[in-house]
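Visitor: For what it's worth, numbering that gives the first Met the number 0 labels the leading residue of the sequence shown as 0, then goes sequentially.
Think of the CB as a built atom: it goes at the ideal place given N, C-alpha and C, for glycine as much as any other residue.
Pasting a structure below so you can have a look.
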Amino acid sequence: MVNNLTFGANGPSTEFGIAGAGRVARSFGKLLNDRGHRVVAVASRDPSRASAAASFIGSAVQTVTYEELSKQVRSLLIAVSDDAIEHVARIFSNDFRDGTVLHTSGIYGVNVLASLIGQGNSCAGLHPLQTIATPEQGFQNLPGSAFLITGVGRAAEWATQIVHLLRGEIIRIVPGKKPVYHVAAIMASNYIVALINAAVHAMGVAGVESETARRALTPLIKASVENALERPKEALTGPIQRGDLKTLELHLQELALLPPCIEQLYRSVGMYAVQVACQQGLGDADASQVQELLRETK
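Here you go:
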């Protein structure tokens, strides 16, 4: 069995290839390449994207096809879209034997690499609990983040090395619960983006230009996030926390000026906010009245 994980003068090092050329692939690739885990080559369905990724990661990184990559390395990082992982794994399973493979999906477990496992490869998952809008941002923000590792054996050991190299935190979850873990990640990231955009839209109806709205909302958003993380028992403020029905009624009247999905968003999030308010002392009677108001439909 091939073990290509070694320890060099500067700590753990390995040569590996990357399948994928997107933001995650580029961020991980450059970070690890700069820290002694040498990226040999990058492969992608789109040669131009693979070439751009290779240039971003390092001057010595080659651009190859999936088939060529499987013959050049014994360690592989699969950083493609969730829906493409199984297909890419099957391509590699034709020639890849007794190697070490990681994928970066937040929703799939090791079984998505079943075709590679069947060829004697050690496989694991390494998901960064971080949003990566651009490769440059990922390069800056991945170090110090939390990472979910799924799987055991040589691949999990490599994943652990990577997290330690990036000074990150390793988290584990109950087996089989990766989808609900991913729900948490999406709500803490993508849904915050959606909420902010909805707020900017509402500001626009009030006559505030979008750039001005984002700038004006920034201190409020940052303070709210800080409160939610650092003082969750006091973080919720506003009409739901106070049980202020008249204010909520006015809100619901004005929501008719916005797209229906924003009204649905307001009502749905508000229903959960009632539960948070109850934890902060909102009485049962007031909570019931707020919920009744939020449930009402036209």
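Between which two residues does the beta strand (DSSP E) harbouring I77 extend?
Guide: Taken as a continuous stretch (DSSP letters only), the beta strand (DSSP E) holding I77 covers S74 to I77.
Visitor: How far does the beta strand (DSSP E) with I169 in it reach, from first residue to last?
Guide: E168 to I170 is the span of the beta strand (DSSP E), which, as asked, contains I169.
Visitor: Q278: buried (16+ other C-beta within 10 angstroms of its C-beta) or exposed?
Guide: The residue in question, Q278, is exposed, as its Cβ has fewer than 16 Cβ neighbours within 10 Å.
Visitor: Verify whether the separation of the beta carbon atoms of V87 and A18 is less than 9 Å.
Guide: Contact flag set, yes.
Visitor: For a test of the three-state rule: what should DSSP assign to T211, helix, strand or coil?
Guide: T211: helix per DSSP, three-state reduction.
Visitor: By the DSSP assignment, the beta strand (DSSP E) with S121 in it spans what residues?
Guide: Unbroken beta strand (DSSP E) run through S121: S121 to P127.
Visitor: In the structure shown, what three-state DSSP assignment does R44 receive?
Guide: In this structure, R44 counts as coil in the three-state DSSP scheme.
Visitor: Spell out a yes or no on whether the segment 152-168 and the segment 186-195 are touching, meaning 3 or more CB-CB pairs, one atom from each, closer than 8 Å.
Guide: Not touching, per the Cβ criterion.
Visitor: Expressed to the nearest angstrom, what Euclidean distance is found between the alpha-carbon atoms of G21 and R48?
Guide: For G21 and R48, the distance between alpha carbons rounds to 8 Å.
Visitor: Does the segment 33-44 come within contact of the segment 54-65, defined as at least 3 CB pairs closer than 8 Å?
Guide: Output reads yes: the segment 54-65 touches the segment 33-44.
Visitor: Rounded to a whole number of angstroms, what is the C-alpha to C-alpha distance between P178 and I148?
Guide: Roughly 14 Å between the two C-alpha positions.
Visitor: Under 8 Å: do the segment 112-125 and the segment 75-93 share three or more Cβ pairs, one atom per stretch?
Guide: Segments in contact, yes.
Visitor: Start and end of the alpha helix (DSSP H) containing H102?
Guide: Run containing H102: none in the alpha helix (DSSP H); it sits in the beta strand (DSSP E), T99 to H102.
Visitor: Residues in the same chain with beta-carbon distance under 6 Å from A272, minus the five sequence neighbours each way, listed in chain order, please.
Guide: I239, listed in sequence order.
Visitor: Between which residues of its own chain and V204 is the CB-CB distance below 7 Å, once the five residues before and five after are set aside?
Guide: Correct list, in chain order: L256 and L257.
Visitor: Could you name the residues of the same chain whose beta carbon sits closer than 7 Å to that of G150, not counting the 5 residues immediately before and after it, in chain order?
Guide: So the list reads V109, C122, A123 and G124, once near-sequence residues are dropped.
Visitor: In whole angstroms, give me the CA-to-CA distance for A306 and K221.
Guide: Examination of residue 306 is not possible in this model, given that the chain is present from 0 through 297 alone.
Visitor: Using only alpha-carbon positions, find the residue among R213, H200, G206 and S287 that is nearest to R241.
Guide: The residue with the shortest Cα to Cα distance from R241 is S287.
Visitor: In whole angstroms, give me the CA-to-CA distance for S92 and Y107.
Guide: Cα to Cα, the separation comes out at about 18 Å.
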